[in-house]
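Here the structure comes first, spelled out in structure tokens, and everything after it is commentary.
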Amino acid sequence: MGLKRRTDAALVLLAVATFAIGWMVWTARRETRSERLGLTLLVNHGTRAEVTPGTPLFFEISLTSGPSSGDVAIGSRWRPWHRLVRLEASGAGMPWALTMAGTPRSLSVVRTADARPEITIQADSSPVAHLDAGRHVYTLTQVASPEATAAVRPGAYRVRGVLETPPWMLWGWRGRKVSSPVTIVVRDAAKAGDKRDALEKQRLQRTADFYLGTERFADAENAARQLIAQVPDQANAHVLLGDALIALKRRDEALAAYRRAILLIPPSYEEPTLLMDRIRLAMESPRR
Amino acid sequence: MNRNWPVLVLILAAFTGEGGATQSAAPGRVIWRGVMTEMTSSPSCEEQVVQTFEFEGDEREGETTWRSRKVTWNQGMTCAKDVLMFVDDDGDATTPPRRKLGPWSASCENKGEADLQSTPDPSVRSRCQETPRLGFISARTLPTLGWTGPRPDDQMRDGCTFNTRSRTLGSDGTVGLITVSITVSRGHVDASVDVDRREYDAFVPEPGKTLTFTARSARPARFRFELERDGTSRFPGYATNANVDDVFFLKHNLTHLRGQYANDGADMIFDPERFSSVGWSRRDLHFVETRAAEMSALVPVTAMDYGAVGRLRAYVESADCGGSWQPIKIVVNGQPRDAIDIPVDADNNLIADALEQYRGLDSGADDDAEPKGNGMAGDGLTAFEEYRGFVVRGASCPVPPEPVDAGEPSPEPFPREEGDPSDIPGVDDEYLRTVPQRKDLFVHTLDAELGAGLRAFAWSTDLKVHAICEPHYVDNDTRIVNFTLQAAGMRTWRSKRVSQDEPQHGLYMLAVDFRPREALAIAIAVDETPDYDSGLIGPPRFVRFILVYKRSRRDEVMEALNARRAGRPIPESVNYTPVVMHELGHAVGIPHHGDSVENWRLVFGKGNVTARLSVFQRAGLPLLTRSTSEDRLRNIAAGVEGLIVVPGTDCPDVDRMHRDGQFAGCWAGVIARRGQQNSGNFHCPMRYAGADWYEPPGSTANYLWTDVVTGPTPDGPDRIKVDAWGGNLLRYDIDRDREFPMGKLCTSTRGTEINALPGSRNHNGNVTRVHPNRNEDAGHDKPCVEFLVVNDVATRGFRWD
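Chains as they are written, first to last, in my numbering: chain L, 6 to 293; chain X, 395 to 1195.
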């Protein structure tokens, strides 16, 4: 009698377990198949970058869903969404080393009581990306430093973003999604012809920007000064120099650079708000 | 659900030709038709006669009861010859006339039609002329109709036709040729075409969507169906902004038509996949025919366009009359028709009646009323284009691999992803039909974070704002959102307007990582060159692209540094939304507070005082709508790096500026002037936020002098060339106006919040826009909402001067 009871209980347990596993697998498969995700990769804010060796590259990867997509969750506490995203190059591997710039961030659109969409951008977002009818965007930026790209052979390269879950990850969205590729054309500066000056200017501009972002301010100053030597009338070059100098606590020189910039700004319908903010902040900075 | 809806016979009753041998207890319809031609040629006369008849009746057991016996005839005769005639050429009546040979001619016409059944004695329209009048000829009477009517069965070939041809030659040289052709159609078998009435009424065309008709015959017969060439549309593409491509076939399960179906193919087809070669002998896209005689045939008609219009005709082949195809007469709502239109379109506007919101609209109407904006109704898209709909951005925008320069090695392609169709570019696109009562705006940006701002702009303006991808408006240079009809030059179809004379443009917004002119963002006008600012403002036709500066890692570092130094919390993030809203506002024609628009160009108000503008403002010069490179040179030559406010009160130490060793005033970046950029509704996204100083009510900033000042101490170290401005200016309460506004577009010029405070605390007051003729007192005070314009047609006649 007791044996039969135990057998019955075991059978019930087996049935429940089978049902539960089936439900889990079905749910996981359903999420994989029903939800369309968007993975967008941009390089230097575009889909094509033409550079010389030594120009840093900024890759921005965004994860979205379509307006008619349902809810989907990607990643987990143990495996955050941004660790499921990677870049891959066609051919023989990624030609440059990449590092994360800043922290991953999320953008959310929430409707307030008066139907106003309230948009917030949060740095260092939650490990799980919740995508829901296009109301969320998750973004991370990876960069290739000037040193990393300096050794790259001239040629054309294609890179794409990949979102892929490991096989053991049963919960949430599962599968693989790739972005459209971006193209990076690396030109030999000596053979760049008419483009040489423009490419060099770009290299210096992005190099200064990169060094500022990685808090290598002396290198940033050096790059900015080289840029000014090449394009003395470009307002942006003076802003980069001002940024480097203010970070190096050389307030007076920084202010001079910013003020030079304000003279050089081309005509525009919009006021140079950011530059005026820079001047204000520099004025408030303590002098050495 | 369908079970509750009986299949209704919409279209009924055609009568097919059947062999005379067919017998039926029920009366059957019989139609005898014939035509007789007779040509007679004699040496002096030519005569032509054409007669037709159509006798229709009911046959029962060999007896015919006629319903009608229609006949027509058309006779014509001309004669000319010389005849002997008596001529009184001396004018003397007492002498007999003289016989003389003279020319004579005559002509006669005799035509008419009659139903001998209802009018047994028809009137005849006959007219003869004779010159000279000799009475040789007289008007004709009813012609002989003895040849008309049924022929005995044994004279009918195959029971269907009787043909004779006879030639006569008279002794006087007269030649005659008579041909007679008579056919009989017997309708013992009814043929009909059925469709589920509910399905037919509800049918709205979509690529790949089918509507099935059923043809039935009371006896086995072959059927033929035809999509009438002139009655079936061939709109290029398959939606207002989408051409037929690989994704079209894939998404609509039409891959079997790849290579067979062209971009300008018929919009309604017979999909060969749905017509087996076993059952159908002909399977063209617009023409199908059953292989064998059947009692019925199912014919699915497949739409290939969201705006497809089609006209279906059906025929049945008589089994025993030589295979002639008889059209199946169609009765729709009691009215017999030759064909059936798909979809149901009782108001004849090329739009399916099933969609209520387009019912009764003229196909070419562009009357979108909301939001009212500048009063120009419409959004540049016709009701038909809005109904035909748009492909818009789905989860992401596909970007084909960028080409490399000619002569350079291409990078290795990625291996194709197996098993996931979502990896095919464009397959994630979504489709929508837009609302013809609400204005639509289309914006492309690859940047997902900037794209989020579109929702806020839609809310702010009450526009319908749609995110699209580059192929959805041709490309980022062309930007035409209704390109399918526009590119083909197709403005009308079947005399109905389908597209306007001018194209409608979308907007292109892109992120940049170096500041466009050090501003947060800017809408760049179409004809702008590096040295020349056209001053043009929306609608979208005039906006080449919108640049938005995106904060980089550098900015985060700089902000963290500055925040740490100032002992403030490090800002966590930057919201681009208000910047996106502000620039999109310019792209739809809205200027800054204080400015106006004339002939689509900006008319500047006096403007806030800034270092960049002060050189013009101090001289009392109008701020030009077009900033040129000369203006920039003038700025550089003036060398003004900043402003100071004199006498200056509440001056932080770092702002103290000295002249000749004496305190001279406070440094200023921006002096906000009454009625200008910072004025009006506090939450309007077109308003500027923040400044250093403001003009309280009753005061006006006035230029004092230009000189080099030192600060923050009399000894420097800062040495700045500044313009000094005075005029009882007060320090701006930046803590109350730090964030960029992101509310609704202002509907009034009245100031709110800091702009409505009492007394001298009132910062910027109401918006005071400059009149286009620069008369600021002319009351040209329009709120932002009254500038809004998305309709490119509004710029019709614009001159690029």
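Glycine is no exception: its CB is placed at the ideal position from the N, C-alpha and C atoms.
Small disclaimer: the values here were computed from a predicted structure and weren't measured.
C-beta atoms of residue i and residue j nearer than 7 Å
i: R208 of chain L; j: T60 of chain L; result: yes
i: L978 of chain X; j: F1134 of chain X; result: no
i: G570 of chain X; j: T558 of chain X; result: no
i: G1208 of chain X; j: P792 of chain X; result: One cannot answer for residue 1208 of chain X here, as it falls past the ends of chain X, which runs 395 to 1195.
i: S499 of chain X; j: A474 of chain X; result: yes
i: A78 of chain L; j: G166 of chain L; result: no
i: V974 of chain X; j: Y943 of chain X; result: no
i: D1117 of chain X; j: R1012 of chain X; result: yes
i: S130 of chain L; j: L46 of chain L; result: no
i: R787 of chain X; j: A861 of chain X; result: yes
i: Q442 of chain X; j: M430 of chain X; result: no
i: H899 of chain X; j: R938 of chain X; result: no
i: L68 of chain L; j: A15 of chain L; result: no
i: R782 of chain X; j: A633 of chain X; result: yes
i: G218 of chain L; j: V1009 of chain X; result: no
i: A687 of chain X; j: A585 of chain X; result: no
i: A1066 of chain X; j: L1037 of chain X; result: no
i: R192 of chain L; j: T57 of chain L; result: yes
i: T696 of chain X; j: T608 of chain X; result: no
i: G107 of chain L; j: R947 of chain X; result: yes
i: T971 of chain X; j: M1136 of chain X; result: yes
i: L536 of chain X; j: V465 of chain X; result: no
i: A240 of chain L; j: I270 of chain L; result: yes
i: R832 of chain X; j: E750 of chain X; result: no
i: R264 of chain L; j: E1035 of chain X; result: yes
i: G1014 of chain X; j: V1040 of chain X; result: no
i: R849 of chain X; j: V142 of chain L; result: no
i: R945 of chain X; j: V968 of chain X; result: yes
Bounding residues of the beta strand (DSSP E) (the contiguous stretch that carries residue i)
i: M1051 of chain X; result: 1050 to 1053
i: I918 of chain X; result: 915 to 919
i: D640 of chain X; result: First-last for D640 of chain X: 640 to 645, but that is the alpha helix (DSSP H), not the beta strand (DSSP E).
i: I126 of chain L; result: 122 to 128
i: T206 of chain L; result: First, the residue type needs correcting, since residue 206 of chain L is Lys and not Thr in the sequence shown. Looking at the DSSP string, K206 of chain L is not in any beta strand (DSSP E); the run it does join, the alpha helix (DSSP H), is 201 to 218.
i: N743 of chain X; result: Careful: N743 of chain X lies outside any beta strand (DSSP E) and carries neither H nor E.
i: L136 of chain L; result: 134 to 137
i: I734 of chain X; result: 734 to 736
i: V164 of chain L; result: 160 to 169
i: T69 of chain L; result: 62 to 70
i: E1189 of chain X; result: For the sequence presented, residue 1189 of chain X should be read as Thr rather than Glu. Looking at the DSSP string, T1189 of chain X is not in any beta strand (DSSP E), and its letter there is neither H nor E.
Contact belief for residue i with residue j at Cβ below 8 Å, rounded distance in angstroms
i: T626 of chain X; j: G754 of chain X; result: That belief does not hold up - the Cβ atoms of T626 of chain X and G754 of chain X are roughly 24 Å apart, past 8 Å.
i: A259 of chain L; j: G247 of chain L; result: 5 Å
i: K505 of chain X; j: Q469 of chain X; result: 7 Å
i: V1075 of chain X; j: T1162 of chain X; result: Looking at the sequence itself, residue 1075 of chain X is Asn, so the reference to Val does not match. N1075 of chain X to T1162 of chain X, Cβ: 14 Å. No contact.
i: G983 of chain X; j: F808 of chain X; result: Contact flag wrong, Cβ pair sits at about 43 Å.
i: R545 of chain X; j: I572 of chain X; result: R545 of chain X to I572 of chain X, Cβ: 15 Å. No contact.
i: G769 of chain X; j: V1179 of chain X; result: No, G769 of chain X and V1179 of chain X are not in contact; Cβ-Cβ is about 11 Å, not under 8 Å.
i: L103 of chain L; j: A149 of chain L; result: 6 Å
i: A225 of chain L; j: A249 of chain L; result: 4 Å
i: R492 of chain X; j: D483 of chain X; result: 6 Å
Boundaries (first-last residue) of the alpha helix (DSSP H) holding residue i
i: N227 of chain L; result: 222 to 235
i: G847 of chain X; result: 847 to 855
i: P972 of chain X; result: 971 to 981
i: N870 of chain X; result: No alpha helix (DSSP H) contains N870 of chain X, which DSSP labels as neither H nor E.
i: F877 of chain X; result: 877 to 881
* Return the residues of the segment 947 to 967 of chain X that lie within a Cβ-Cβ distance of less than 8 Å from chain A, sorted by chain order. => In the structure shown, chain A does not exist; the protein chains are L and X.
_At least 3 beta-carbon pairs within less than 8 Å: the segment 1087 to 1098 of chain X vs the segment 1178 to 1186 of chain X_ = In short, these stretches do not touch, since the Cβ pair count stays below three.
Could you give the uninterrupted runs of the alpha helix (DSSP H) lying entirely in the segment 982 to 1044 of chain X, keeping only those of 4 residues or more?
Complete alpha helix (DSSP H) runs here, min 4: 1005 to 1011, 1023 to 1032.
Exercise. Quick one: complete alpha helix (DSSP H) runs, 4+ long, within the segment 592 to 678 of chain X?
Worked result: Here the runs fully enclosed are 640 to 645.
Between the segment 835 to 842 of chain X and the segment 646 to 656 of chain X, are three or more C-beta pairs nearer than 8 Å?
As far as the Cβ criterion goes, the segment 835 to 842 of chain X does not touch the segment 646 to 656 of chain X, which means the pair count is below three.
With a floor of 3 residues, list each beta strand (DSSP E) that falls wholly inside the segment 456 to 512 of chain X, ordered by position along the chain. List check, beta strand (DSSP E) in window: 457 to 481, 492 to 509.
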